[in-house]
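One rule links them: number in the working numbering = place in the sequence shown (from 1) + 354.
Each residue gets a CB set at the ideal place from its N, CA and C atoms; glycine is no exception.
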Amino acid sequence: MACDPAIMSDHRIRPVRPDDAASIAAIYTHHVLHGTATFDIDPPDAAFWCEKIASIAARGWPFLVAERDGVVAGYAYATQFRDRPAYAETCENSIYIAPDHLGRGIGSRLLPALVEAAGQAGFHQMIAVIGGGEVASVALHAKYGFVHAGRMIGVGRKFGLVLDTIYMQRALDED
């Protein structure tokens, strides 16, 4: 589906605020209950997201939201890929769009902004861990320079399905 640039420009990208936690919880809840991009089964509440926002901010890592007319339409954040010190310069991204805003180019605004912000935060590599091998997520990441880095076969089970996880990667110090 081609994205109308006018629709895309209606959404502004900004840093997350603590008061976004309820909106983020609602977006993520939809994906937990209806999709395979996350392998979570039980959606966390707004209090969890409030703590996560604070934790990510305390580390100086990026957490962005796409907003239109005061409504959070999507979000993206980067956290250290693994907690071991050797991974300090490698991050994993997470990006989720509100169901009523899918197909409007929000991911195409959020992901490049997150890539830039993650580089500014000191990360040099970004990993996308794509649960269920979601086709739209794979396409979005490929569009912004991510390359296939691996596939874990049959590692998740959700909705009675056996699911793969696709890993994609890109350097952040490239144009």
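How long is the line joining the alpha carbons of residue i and residue j, rounded to whole angstroms?
i    : j    : result
T383 : V516 : 21 Å
R458 : P398 : 26 Å
A475 : R438 : 18 Å
Y377 : P416 : The sequence as given places Ser at residue 377; Tyr does not occur at that position. Approximately 18 Å between the Cα atoms of the pair.
Please work out which residues of its chain come closer than 7 Å, Cβ to Cβ, to residue i, disregarding the five sequence neighbours upstream and downstream, and give them in chain order.
i    : result
D364 : R422
F477 : A432, E443, T444, C445 and L526
Roughly how far, in whole angstroms, is the beta-carbon of residue i from the beta-carbon of residue j, given that I think they are within contact range, below 8 Å?
i    : j    : result
V483 : T519 : 6 Å
With DSSP as the reference, identify every bridge partner of residue i, one or two as the case may be.
i    : result
S448 : Y431
A482 : N447 and M522
L515 : K512
E488 : Partner(s): none; E488 has no beta bridge.
Please go through the same chain and pick out, in chain order, the residues whose beta-carbon is closer than 8 Å to the beta-carbon of residue i, but skip the five residues on each side of it.
i    : result
G508 : V516, L517 and D518
Suppose the cutoff is 6 Å on Cβ atoms and the five residues either side in sequence are ignored; what does the same chain contact list for residue i look like?
i    : result
R505 : D518 and I520
Classify residue i as buried or exposed, calling it buried when 16 or more other Cβ atoms lie within 10 Å of its own Cβ.
i    : result
P369 : exposed
A379 : buried
M355 : Summary for M355: the model assigns pLDDT 35, below 50, so the residue's position carries little reliability, and this model does not support an answer.
V426 : buried
G514 : exposed
G494 : For the record, residue 494 in the displayed sequence is Leu; it is not Gly. The residue is buried, with at least 16 neighbouring Cβ atoms inside 10 Å.
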